Amino acid sequence: MGMDRLIRTLLALVFVVSACSSNGGRPKRLLDGRPAARFLPVRDSVVAAGRVLRHADVRDCLAIDDRVDVRADALVVERIGVDGDSLTFANRDGNGVYACDGGSDASGERQPPWCATVFGELVHGRLLDPRLDVLCRDRRRRPLAYAFIDPVSGAHWVGVRQDGYVELYEVLAGLPVRIASTRGVDAEAARASFEVTQYDAGGRELVAGTLAAAVAG
Amino acid sequence: MRTFIAMLGMGLTLSAVSGAQAYHRFWANCNYDSPTFMTTMTRDAAQDYANASRYEGYQWGGGCWNYDDVDSYPNDPPVQTGTHGEGGDCSGLSFKTWRESTDPSRDGRYYWRALRNVHGPYDAAAFRDGSGAPNHVVAKSTAGVMDAFASNTHIGMVFYRSLYGGDQIVEAKCEACGTNIFYRTYRSDSSYGGVGRWGWTG
Numbered sequence: 192m193g194m195d196r197l198i199r200t201l202l203a204l205v206f207v208v209s210a211c212s213s214n215g216g217r218p219k220r221l222l223d224g225r226p227a228a229r230f231l232p233v234r235d236s237v238v239a240a241g242r243v244l245r246h247a248d249v250r251d252c253l254a255i256d257d258r259v260d261v262r263a264d265a266l267v268v269e270r271i272g273v274d275g276d277s278l279t280f281a282n283r284d285g286n287g288v289y290a291c292d293g294g295s296d297a298s299g300e301r302q303p304p305w306c307a308t309v310f311g312e313l314v315h316g317r318l319l320d321p322r323l324d325v326l327c328r329d330r331r332r333r334p335l336a337y338a339f340i341d342p343v344s345g346a347h348w349v350g351v352r353q354d355g356y357v358e359l360y361e362v363l364a365g366l367p368v369r370i371a372s373t374r375g376v377d378a379e380a381a382r383a384s385f386e387v388t389q390y391d392a393g394g395r396e397l398v399a400g401t402l403a404a405a406v407a408g
Numbered sequence: 004m005r006t007f008i009a010m011l012g013m014g015l016t017l018s019a020v021s022g023a024q025a026y027h028r029f030w031a032n033c034n035y036d037s038p039t040f041m042t043t044m045t046r047d048a049a050q051d052y053a054n055a056s057r058y059e060g061y062q063w064g065g066g067c068w069n070y071d072d073v074d075s076y077p078n079d080p081p082v083q084t085g086t087h088g089e090g091g092d093c094s095g096l097s098f099k100t101w102r103e104s105t106d107p108s109r110d111g112r113y114y115w116r117a118l119r120n121v122h123g124p125y126d127a128a129a130f131r132d133g134s135g136a137p138n139h140v141v142a143k144s145t146a147g148v149m150d151a152f153a154s155n156t157h158i159g160m161v162f163y164r165s166l167y168g169g170d171q172i173v174e175a176k177c178e179a180c181g182t183n184i185f186y187r188t189y190r191s192d193s194s195y196g197g198v199g200r201w202g203w204t205g
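Quick note, the sequences are listed as chains A and B, same order.
Under this note's numbering, read the first sequence as residues 192 to 408, first letter to last.
Under this note's numbering, read the second sequence as residues 4 to 205, first letter to last.
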């Protein structure tokens with residue numbers, strides 16, 4: 192039974208490089224230039240690259256006082272999507288999570304690659320709020336919004352509806368998933384809405400809804 | 004007895020309605036008017052603005068209040084935006100008091116009326132990092148009137164420095180404690196950094 196599930200999962204995880212895609216709305220490459228992979232069970236998907244790092248250098252994006260709040264061997268989740276990239280890691284006490292959001296700083300004061308840093312408080316392992324960030328701009332100077340998603344039980348992928356495709360983020364290291372989008376961003380009102388669907392490892396939809404987030408606190 | 008119970012029920016119903024109406028009357032006056040571009044911005048005026056927001060409540064992600072010295076909706080569930088309660092949150096109060104733009108690349112001075120519902124693009128951590136053109140990091144030892152102390156989760160502005168090592172801080176603190184001036188020791192708290200607004204004219 193376990194082997195069956197493993198095989199199904201492996202089959203589902205067959206990625207097809209976007210060069211084979213005939214859908215014009217689906218981007219062919221991620222932010223760093225690598226080919227955009229797809230996850231077959233989710234139509235028009237683009238898989239954001241994600242990996243877990245240990246001993247990652249996060250000093251560039253953290254305030255000096257915060258650097259002591261992060262263990263040197265903390266697990267750091269690096270994500271590179273179509274328009275955004277981020278780092279996510281827990282603080283030393285495990286009662287909060289940081290995210291470094293990539294892009295250009297709207298005010299031009301922060302040095303790339305990071306344009307903002309956020310901190311989300313965890314209560315009973317769940318975030319108090321999505322920690323929306325609207326301070327960044329993408330390569331085309333469009334407002335780029337970032338937010339955390341708390342995965343539901345059994346979720347392996349978090350999908351975000353973008354223009355013409357679904358961007359998929361893998362749930363990694365037991366941390367909230369930092370998503371990014373230029374769609375549904377109201378920078379003037381410091382609000383953004385994200386159409387989010389969570390899937391299990393085989394691509395079965397678990398939960399779907401709209402996350403309406405606002406800058407707060 | 005039956006009449007009494009009926010009247011009691013009616014009274015309770017009416018009292019609930021009037022509370023709801025008070026809440027909706029408050030929110031109906033919140034607006035999205037454009038701010039007024041100003042050429043001046045003094046620390047005295049900022050003190051007055053923040054001082055006037057006292058007792059007006061606290062709303063997570065909020066930024067609309069009147070000047071009746073009452074929180075029109077004091078029992079909002081915490082950490083929820085969109086409940087239309089009265090008051091700013093900590094970063095919303097700082098944003099409006101510091102006359103900032105919703106565009107972080109602009110460092111001009113924008114006067115927001117109390118009933119203008121606006122929070123601004125910064126949370127407390129962004130303020131602490133000095134994010135945005137109007138903001139910058141200052142040494143805590145030199146932080147003065149209407150500079151601020153910010154942590155990852157909170158920001159409060161210096162109303163005046165106290166004789167006892169701490170400061171009188173004007174801040175929107177929480178649903179239960181509202182917006183007020185409190186004695187705080189953020190200056191010596193390592194989780195807080197100093198933040199300032201560029202462009203004071205006096």
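Glycine included, C-beta positions come from ideal geometry on N, C-alpha and C.
Small disclaimer: the values here were computed from a predicted structure and weren't measured.
Going by C-alpha distance, which of A:V406, A:A265, A:D329 and A:F280 is nearest G293 (chain A)? Nearest C-alpha to G293 (chain A): A:D329.
Pick from A:T308, A:G345 and A:L278: whose alpha carbon is nearest that of H246 (chain A)? Considering only alpha carbons, the answer is A:L278.
Hey, how far is the Cα of S212 (chain A) from the Cα of P226 (chain A)? In this predicted model, S212 (chain A) has a pLDDT of only 42, less than 50, meaning its place in the structure is not dependable; the value taken from the coordinates is given anyway. Rounded to the nearest whole angstrom, the CA to CA distance from S212 (chain A) to P226 (chain A) is 11 Å.
G311 (chain A) vs P304 (chain A) beta-carbon contact at 9 Å: For G311 (chain A) and P304 (chain A), no; Cβs fall outside 9 Å.
Among B:Y35, B:Y195 and B:N69, the one whose alpha carbon lies nearest that of T182 (chain B): Per the Cα distances, B:N69.
Is it true that the CB of G95 (chain B) sits closer than 9 Å to the CB of Q50 (chain B)? Not closer than 9 Å, so no.
Short of 8 Å in beta carbon distance, which residues of its chain neighbour R332 (chain A), apart from the five on each side in sequence? Order them along the chain. Closer than 8 Å at the Cβ level, and outside the excluded window around R332 (chain A), lie S295.
Taking the alpha-carbon of S108 (chain B) as reference, which of B:D79, B:R119, B:S134 and B:W115 has the nearest alpha-carbon? Distance check between S108 (chain B) and each of B:D79, B:R119, B:S134 and B:W115 places B:S134 closest, using alpha-carbon atoms only.
On a CA-only basis, which of B:D47, B:T84 and B:N32 is nearest D71 (chain B)? Give me that one, please. Closest by C-alpha distance to D71 (chain B), out of B:D47, B:T84 and B:N32, is B:N32.
Residues in the region 298-316 of chain A having any Cβ partner in chain B nearer than 8 Å: Those would be S298, G299, E300, R301, A307, T308, V309, F310 and E312, in chain order.
Between W63 (chain B) and chain A, is any beta-carbon pair separated by less than 9 Å? Chain A contact via Cβ: present.
Go ahead and label G196 (chain B) buried or exposed: buried means 16 or more other beta carbons lie within 10 angstroms of its beta carbon, across all protein chains shown. Result: buried.
Classify Q389 (chain A) as helix, strand or coil using the three-state DSSP reduction. Strand, per DSSP.
Got a sec? Which residues, its chain only, sit under 6 Å from T100 (chain B) by beta carbon, not counting five neighbours each side? Scanning its chain for C-beta atoms nearer than 6 Å, with the 5 sequence neighbours on each side dropped, one finds around T100 (chain B) the residues A49, Y52 and A53, in chain order.
Give me the subset of the region 249-263 of chain A whose CB atoms are less than 8 Å from a CB atom of chain B, sorted by chain position. Contact residues of the region 249-263 of chain A toward chain B are A254, D256 and D257 (C-beta to C-beta distance below 8 Å).
Quick check on DSSP: helix, strand or coil for R190 (chain B)? In the structure shown, R190 (chain B) falls within a helical segment according to DSSP collapsed to helix, strand and coil.
Could you pull the DSSP bridge partners for N138 (chain B) from this structure? Paired residues: B:R200.
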